[in-house]
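**Q**
Protein chains in written order, with the numbering used here: chain A, 2 to 345; chain B, 15 to 346.
(1) Under 7 Å, CB to CB, which of the residues in the segment 250-278 of chain A have a partner in chain B?
(2) Which one of 98/A, 75/A, 81/A, 83/A has the shortest CA to CA distance from residue 89/A?
(3) Is there contact here, the segment 209-218 of chain A with the segment 90-108 of chain B, by at least three beta-carbon pairs under 8 Å?
(4) How would you label residue 277/B, buried or exposed, when you count the other beta carbons within 10 angstroms and need 16 or more for buried?
(5) What are the uninterrupted segments assigned as beta strand (DSSP E) that are 3 or more residues long and contained completely in the segment 132-159 of chain A, given in chain order?
(6) Any chance the segment 60-78 of chain B sits against the segment 246-258 of chain B, with 3 or more Cβ pairs inside 8 Å?
(7) In this structure, what does DSSP give as the bridge partners for residue 196/B?
(8) Is the beta carbon of residue 267/A sitting closer than 8 Å to the one on residue 225/A?
(9) At a CB-CB cut-off below 9 Å, which residues of chain B make contact with residue 339/A?
(10) Any beta carbon of chain B sitting closer than 8 Å to that of residue 247/A?
(11) Looking only at DSSP bridge pairs, what is residue 29/A linked to?
(12) Using a beta-carbon distance below 8 Å, is residue 177/A in contact with chain B?
(13) If you pair each beta-carbon of the segment 241-249 of chain A with each one of the segment 68-81 of chain B, do three or more pairs fall below 8 Å?
(14) With a 10 Å radius around its C-beta and 16 neighbouring C-beta atoms as the bar for buried, classify residue 27/A as buried or exposed.
(15) Between the C-alpha atoms of residue 163/B and residue 142/B, what's the straight-line distance to the nearest angstrom?
(16) Assign residue 124/B to one of three DSSP states: helix, strand, or coil.
(17) Chain A partners of residue 169/B, CB-CB under 9 Å?
(18) Checking contacts by CB at 8 Å: is residue 243/A closer than that to chain B?
(19) Shortest alpha-carbon distance to residue 86/B belongs to which of 225/B, 133/B, 28/B?
(20) Return the chain-ordered ranges of every alpha helix (DSSP H) run that is complete within the segment 41-86 of chain A and spans a minimum of 4 residues.
(21) Helix, strand or coil, according to DSSP, for residue 303/B in the structure here?
(22) Give a yes or no on whether 8 Å exceeds the smallest Cβ distance from residue 165/B to chain A.
(23) In chain A, which residues lie less than 8 Å from residue 119/B when you measure between Cβ atoms?
(24) Would you say residue 310/A and residue 34/A are within 8 Å of each other, going by their C-beta atoms?
(25) Quick one: what's got a C-beta closer than 6 Å to residue 16/B's C-beta in the same chain, skipping five residues either side?
(26) Which residues in chain A sit within 7 Å of residue 74/B, going by Cβ to Cβ distance?
(27) Where do the ends of the alpha helix (DSSP H) carrying residue 47/B lie?
(28) Could you tell me which of 206/B, 229/B, 25/B sits nearest to residue 195/B, measuring between CA atoms?
(29) State the DSSP-derived secondary structure class of residue 304/A, mapped to helix, strand or coil.
(30) To the nearest angstrom, how far is the alpha carbon of residue 324/B from that of residue 339/B?
(31) Please confirm if residue 16/B has its CB atom under 8 Å from at least one CB of chain A.
(32) Who are the Cβ neighbours of residue 184/B in its own chain at under 7 Å, not counting the five residues just before and after it?
(33) Per DSSP, what kind of secondary structure is residue 17/B in: helix, strand or coil?
(34) In terms of residues, what are the limits of the alpha helix (DSSP H) holding residue 332/B?
(35) Got a sec? Which residues, its chain only, sit under 6 Å from residue 299/A by beta carbon, not counting five neighbours each side?
(36) Going by DSSP, which residues form a beta bridge with residue 255/B?
Spelled out as C-alpha cells, the structure:
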C-alpha cells in the first residue's frame, strides 16, 4: 500500500508539469493584464512597453513558463529596454514556493492572496458537503427501502427538478423567498450576501446565519444527485444473496441495512465523494458570486476577469494538486472499504 | 405412515407472485411434515416451487410481489406464517437455519468471516465478543476448516467455493438450530466437493440431532442422505415416500421419468440419456388439472380437469396420481 501511494505520488509529478504547461499557455491567451493597469485611463504605449519588460511579459511564452516555474534570479533581465540585460531577476519560481505577484493588488504575493481565502472557502464548502452526504444518504436509503412508495416517487420527482435546475436559479429563488419575501411578510428573514453584517461584526452567529442560503443553494442539486446514486446502489445491494443470508440469520433489519447493505452500497458513493473533494477547495464559483461570499470561487473569477495570471495560475495549480491527492485518497479509502481490492 | 411428533407441520401452503406479466402460481397447496431428527429431501426441477416454499416459511420471499395466499406452518406450536416479523427474526438463524445454493454470492464480501459467524450468536444469545469468537472457532473446526482461529479475520474472497459453503454451514449451525434447510447447497460446487459437503452435513446432523430439509434437483444425491423424499412438480407435491420405496417402486409417472433419466454406470456409452419430453409448466396459469398431464405418458381425460390429491398407496408412500404407472390402470 505504501509503495502504491509513493508510486502514485511520483507519477503525478510529470502529470503536474504537463497540466501546468497547458494551463499556462491557455491563460496567457485570456486577456491582457496591462490594459487594466492604467486605472481609469487606458495604459499609455510607453508605459505598456516598460511594464511588459518589468513583468517579463515581453519574453516568449516558453521562457515565461520557465521563469514562472523556476524563477529568474539566476539570470539578468532587461528592464530599461536598451537590449542589455543588466538587472538581476528576483522571482524564485513555483518550485521554490513563489507563485509570483498579483498584478491586481499591486505587488501582494499571489500565494498569500489564495491562502487568505482558503478558510472562508472551507467554512462554506465543508458544511455544505456534510449536508449533502447526510441528506443524500438518508434520502437515498429511505427511498430505496420504500421503492415506489409515494415518498420515493415524490423524492424522485423532486430530485429530477433539482437535477435539471441551474444553480443560479436556485440561488436567486432562495434569496427572493427567504430574504425578500420573508422580510416583506414580516417573518424572520435570512441575509442574502456577505459573511457577516458589518454593523454587528464578524461573530460566529452572524457567519452561521450568512452560511444558510449559500449552503442551501450548493446542497440542493448535490443532494438530488447523491440520493439518486445512493438509491440505485442500495437497491442493487438489497437484492443480493448475502442480504438474504443476513436475514436468514435472524439479524435485525437495521443491522442488515446499516452494516450488511450500506458497507457494500458505500463503494460507488466513495468514488463520487472522491470526485467532489477538490471542490471543497475550489469553492462554488456561481454561488459565491451571487451571495458575495469571499471564497476561492469568487477570488478566481475576480482575478480571471482582470487577467491576473499569477493568482489564477496559483488557484488552478492548487486545484490540480487537490484533484490528484483526492484521487489517491479515494483509492486508499476504497481499499479500506473493499477488502477484495489490493494494490501491489 | 407412522406419526412421529412433528417438528414442523405445513398445511395447504399457497404462494403467488404478482408480476407485471401476470400472477405466478409458485406453490399450490403443499402439505408436509417433518419429525424431530428426520431428514427429508425435496426433489424437483427448477421452477417447481421447492425454494419458494421453504423460503416463504422463513419470511424470506419479498412481499410484494410475493403473497402467501393460504396455509399454516406450525413449528414448535407456533404458526410461522402468522408470526410478526420481530418474532420471526428470533426463529430465523436460532431455531431454523438455512443454507443457500451459491456460496460465492451468499457471503457478504466486505465483512470478515469472524464478523459473519459471530453476529447471529451475539444477536440470539447475547454472547460477549470473546465467547462468540471461541464459538466461531469451534464451528469452523466442526465444518473442517483448518487453522480456524487465524482465518476469522479473512474475507470470503480468500476462500474457495467449497470452503465458503462450509463457512455458510458453520454460520447456520452457530445457534444449534433444530431444523436446517439446505437449498441446493451442492449445486454450485464440483462433484468431489459435493460429496464432501453431503458427508459433512450427514456427520453434523448425526452429532447434533437436528432435522434436515435438503432441497435438490439431483435424485442421485438423495439416496445417501434422506429418510424421506418429497417430489415436487409445478408447485405441488406429486409423491411422498421413504427413500427405499421411492427408488424401488415409484408411484408417480413423474418420479418414474425422473429415475429413468438418471445416468447409470453400467449403461452403454452410446445410449442417450432418457429425457422427459416437453418442458416444465409455466406457473403463470392457475392449475386446473394435474400439472404433469401435458408430459405424462399415462394421461387420462380427467387429469386435465381434476387435480389429483396426495393419497396414500402404501404405509410408506403417497402419490398424487389417478393412474398406477406400473399397471397402467386407474387407481380406485
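By construction, the Cβ of each residue, glycine as well, lies at the ideal position given by its N, Cα and C atoms.
Note that the structure is predicted; figures quoted are calculated from it, not measured.
**A** Working from what's here:
(1) 250, 251, 252, 253, 261, 264, 265
(2) 75/A
(3) no
(4) exposed
(5) none
(6) yes
(7) 113/B, 228/B
(8) no
(9) 123, 124
(10) yes
(11) Paired residues: none, contrary to the question.
(12) no
(13) yes
(14) exposed
(15) 17 Å
(16) coil
(17) 340, 341
(18) yes
(19) 28/B
(20) 46-56, 62-71
(21) coil
(22) no
(23) 241, 242, 243
(24) yes
(25) Confidence in residue 16/B is poor, its pLDDT being 44 and thus under 50, which makes the residue's placement unreliable; the coordinate value appears in the next sentence. So no residue of the chain qualifies.
(26) 245, 248, 249
(27) Run containing residue 47/B: none in the alpha helix (DSSP H); it sits in the beta strand (DSSP E), 36-49.
(28) 229/B
(29) helix
(30) 15 Å
(31) Annotation note: pLDDT 44 at residue 16/B (below 50); position unreliable, no value reported.
(32) 131, 153, 154, 156, 157
(33) Unreliable positioning characterises residue 17/B in this predicted model, as indicated by a pLDDT of 48, which lies under 50. The coordinate reading is nonetheless provided below. Coil, per DSSP.
(34) Residue 332/B -> not in any alpha helix (DSSP H); beta strand (DSSP E) instead, spanning 331-333.
(35) 289, 290
(36) 243/B, 331/B
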